[in-house]
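**Q** Pasting a structure here, questions to come.
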Amino acid sequence: DASVAANLSPLQVILADAAFDFAAANICSLFNNNITINITMKVTPGPHDWGLSGPADGGDYSYADICYYLLDVANFNDVNDSISFLDLPFTDPSGNGLPYRLTRAQAKVFGIVSNPNDTVEDGTFTFGAEHLWNYSLVNQEFSGTFDFIGFATHEITEVMGRISELDSIPPHNMIYDLF
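Following this note's numbering from start to finish, the sequence shown increments by one per residue and tops out at 177.
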């Protein structure tokens, strides 16, 4: 995104890209789904902008649909998957009658998006340039700085679906509300 070069020095652009890629690689090492999540990094100039994520919408689904998708991708050779999914009740435990929202990244995992490795944007990661970010890949604990890798990890996982929609307008349930 053009806002990166417009709001950071050339060195900061290189460091931010490397730190973002490092955070993404750490997350990728935890999963074995063969999908590509496309995240656009943006930078704002303002001192009041910490950051935010903007996951792309993957659609609204019923509880029955969500159970089907979860069971379809479950690895029942994995003890955690088996225990988690076998513990889901037959009826929607939320009791609120709201649909379940998926992010586009989640829709890729479930096969709802036909090409899981397409180049369509799955979300955005935005941060403020005015903060003293620590982009170090080795030591994120420098006094007076903010850990960019930890921050990027937080925002990337929101694009992946670790967000709350119960307070949005209109409100929605999310998959993690089930566990």
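Yeah, the Cβ is synthetic: ideal placement off N, Cα and C, and Gly gets one too.
1) Span of the beta strand (DSSP E) holding LEU100?
2) By the 10 Å Cβ neighbour count, where 16 or more other Cβ atoms means buried, how is PRO53 classified, buried or exposed?
3) If contacts are defined as beta-carbon pairs under 8 Å, then GLY124 and LEU50 qualify, I think. What distance do you get, rounded to the angstrom?
4) I'd like the list of long-range same chain contacts for ASP47, defined as Cβ closer than 6 Å, with 5 residues on each side in sequence excluded.
5) Tell whether a beta-carbon distance below 8 Å holds between ILE161 and ALA21.
6) Please list the terminal residues of the continuous alpha helix (DSSP H) segment that includes PRO8.
7) Just to confirm my understanding: we take PHE159, look at its own chain, exclude 5 residues before and 5 after, and list those with CB closer than 6 Å. What are they?
8) Skipping 5 residues on each side, what residues in its chain have a beta carbon closer than 8 Å to that of ALA16?
9) Is the region 163 to 171 in contact with the region 87 to 99, if contact means three or more CB pairs nearer than 8 Å?
10) Under the rule that 16 or more other beta-carbon atoms within 10 Å means buried, what is LEU28, buried or exposed?
11) Assuming contact is defined by CB atoms lying nearer than 8 Å, are PRO114 and LYS106 in contact in what I supplied?
12) Suppose contacts are defined by Cβ-Cβ distances below 8 Å. Is ILE37 in contact with THR151 by that definition?
13) Buried or exposed: where does PRO71 fall if 16 or more other Cβ atoms within 10 Å of its Cβ makes it buried?
14) Would you report the Cα separation of GLU128 and ALA3, rounded to the nearest angstrom?
15) May I have the straight-line CA-CA distance separating SER82 from LYS40, to the nearest angstrom?
16) Give me whichever residues DSSP pairs with ASN171 in a beta bridge.
**A** On the basis of the supplied data:
1) Along the sequence shown, read from residue 1 onward, the residue named residue 100 stands at position 102. Residues 98 to 101.
2) The sequence position of residue 53 within the sequence shown is 55, counting from 1. By the C-beta density criterion, PRO53 is buried, having at least 16 other C-beta atoms within 10 angstroms.
3) Here residue 124 corresponds to residue number 126 of the sequence shown, with the count starting at 1. Here residue 50 corresponds to residue number 52 of the sequence shown, with the count starting at 1. Reading off the sequence shown, one finds Thr at residue 124, where the question assumed Gly. Contact holds; Cβ gap of about 5 Å.
4) Your numbering for residue 47 matches position 49 in the sequence shown. If we look at ASP47 and ignore the five residues flanking it on each side, its Cβ neighbours are GLY126.
5) Here residue 161 is taken as the residue at index 163 of the sequence shown, counted from 1. Here residue 21 is taken as the residue at index 23 of the sequence shown, counted from 1. No, Cβ-Cβ distance for ILE161 and ALA21 is not below 8 Å.
6) Your numbering for residue 8 matches position 10 in the sequence shown. In the DSSP assignment, PRO8 falls within the unbroken alpha helix (DSSP H) covering 8 to 26.
7) Within the sequence shown, numbered from 1, the residue matching residue 159 stands at position 161. In the sequence on display, residue 159 carries Gly and not Phe. Cβ within range, chain order: THR101, GLN104.
8) By 1-based counting over the sequence shown, the position of residue 16 is 18. Correct list, in chain order: TYR133, LEU135.
9) Yes, the region 163 to 171 is in contact with the region 87 to 99.
10) Locating residue 28 in the sequence shown gives position 30, counting from the first residue. Counting of Cβ neighbours within 10 angstroms places LEU28 among the exposed residues, the total staying below 16.
11) Within the sequence shown, residue 114 is the residue found at index 116, counting from 1. Within the sequence shown, residue 106 is the residue found at index 108, counting from 1. Their beta carbons are under 8 Å apart, which means PRO114 touches LYS106 by this criterion.
12) Indexing the sequence shown from 1 puts residue 37 at position 39. Indexing the sequence shown from 1 puts residue 151 at position 153. Contact: no.
13) Here the question's residue 71 lines up with position 73 in the sequence shown. Note on residue identity: the sequence assigns Val, not Pro, to residue 71. Burial state of VAL71 is exposed, judged by a 10 Å Cβ sphere holding fewer than 16 other Cβ atoms.
14) Numbered from its first residue, the sequence shown carries residue 128 at position 130. Numbered from its first residue, the sequence shown carries residue 3 at position 5. So the alpha carbons of these two residues sit roughly 14 Å apart.
15) Numbered from 1 along the sequence shown, position 84 holds the residue referred to as residue 82. Numbered from 1 along the sequence shown, position 42 holds the residue referred to as residue 40. Near 36 Å, if we compare the C-alpha coordinates of LYS40 and SER82.
16) Looking up residue 171 in the sequence shown gives position 173. Bridge partners of ASN171: TYR98.
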